[in-house]
Amino acid sequence: MKKILAIVVGLSLVASVLSAETRISGGVGISSFSQKIDTDANGPLTISTMAPALSVDGLLTIGETNIVMLGGCQVAIPSKAGWKTNNHDTDEDLTSSTIISANIGAGYELFKAKPYPLVFGLGLAYTNAKLKFDGFDILSSYLGVNATVQGNYFFTDHIGVMIAFDYAYNFIPLSYKIEDDISSTSYKSDFASCQNYDIRLGLSYRL
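If you're matching positions, the sequence shown starts at 0 in numbering that gives the first Met the number 0 and goes up one per residue.
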């Protein structure tokens with residue numbers, strides 16, 4: 000009996016995977032990033048950016064259910080960064096800087112049988128920021144949680160457009176250091192918060 004049950008469960012899982020629908024989307028959008036560390040008497044240091052971003056998203060439906068697996072990556076290329084403390088608030092120029100945000104998780108899909116499916120998802124987030132100022136770099140990476148909303152409209156069985164919004168709250172610092180030509184100093188223990196969000200528009204292809 001146990002063997003039969005195991006076979007049935009196994010076949011059901013295989014059937015679910017084989018009947019899954021895959022979607023791949025690529026797009027452009029705007030990405031906002033903000034990180035804060037607790038420093039000296041000047042108060043917390045907040046560095047923030049708003050920049051254009053490129054994105055790739057993937058989605059896999061699980062059989063005939065409304066459950067989906069989600070994954071995506073956004074790469075922002077900022078040219079300026081806000082630099083704010085209690086007594087200092089200015090914009091600084093950046094060169095060759097990138098902010099990479101990646102996420103993976105699961106979600107629930109509404110209007111599955113319609114040409115305008117809508118997905119709400121939650122998952123894990125990873126953020127890596129490389130900010131190159133004049134004379135020094137700030138390098139940081141984080142883990143956290145991500146929430147996403149993705150809407151599609153398919154003109155044909157395979158081609159459509161996507162609009163999406165992601166918000167990531169990062170609360171586990173993997174690294175935070177400031178480097179120049181002479182030294183590298185870690186401020187990981189001074190980490191306070193990091194969050195980023197983006198909104199994007201792109202094309203979707205449904206397999």
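Glycine is no exception: its CB is placed at the ideal position from the N, C-alpha and C atoms.
Remember, it's a predicted structure, so these values are computed and weren't measured experimentally.
Would you mind stating whether residue i and residue j have Cβ atoms separated by less than 8 Å?
| i | j | result |
| --- | --- | --- |
| residue 138 | residue 129 | yes |
| residue 69 | residue 147 | yes |
| residue 82 | residue 46 | yes |
| residue 80 | residue 52 | no |
| residue 73 | residue 180 | no |
| residue 123 | residue 104 | yes |
| residue 93 | residue 35 | no |
| residue 163 | residue 194 | no |
| residue 50 | residue 33 | no |
| residue 19 | residue 59 | yes |
| residue 175 | residue 190 | yes |
Which of helix, strand or coil does DSSP assign to residue i?
| i | result |
| --- | --- |
| residue 183 | strand |
| residue 156 | coil |
| residue 33 | strand |
| residue 189 | helix |
| residue 94 | coil |
| residue 38 | coil |
Is it buried or exposed, residue i, if we count other Cβ atoms within 10 angstroms and call 16 or more buried?
| i | result |
| --- | --- |
| residue 145 | buried |
| residue 42 | exposed |
| residue 27 | exposed |
| residue 120 | buried |
| residue 110 | exposed |
| residue 134 | exposed |
| residue 155 | exposed |
| residue 114 | exposed |
| residue 171 | exposed |
| residue 21 | exposed |
| residue 86 | exposed |
If I follow the unbroken beta strand (DSSP E) through residue i, where does it start and stop?
| i | result |
| --- | --- |
| residue 50 | 44 to 60 |
| residue 113 | It is not in any beta strand (DSSP E) - residue 113 carries neither H nor E in the DSSP assignment. |
| residue 19 | Per DSSP, residue 19 belongs to no beta strand (DSSP E) and is neither H nor E. |
| residue 211 | Within the shown structure, residues of the chain are numbered from 0 to 206, placing residue 211 beyond reach of any answer. |
| residue 66 | 66 to 75 |
| residue 84 | 79 to 84 |
What are the partner residues of residue i, as DSSP defines its beta bridges?
| i | result |
| --- | --- |
| residue 108 | 118 |
| residue 172 | 141 |
| residue 123 | 103, 144 |
| residue 178 | 136, 183 |
| residue 200 | 27, 162 |
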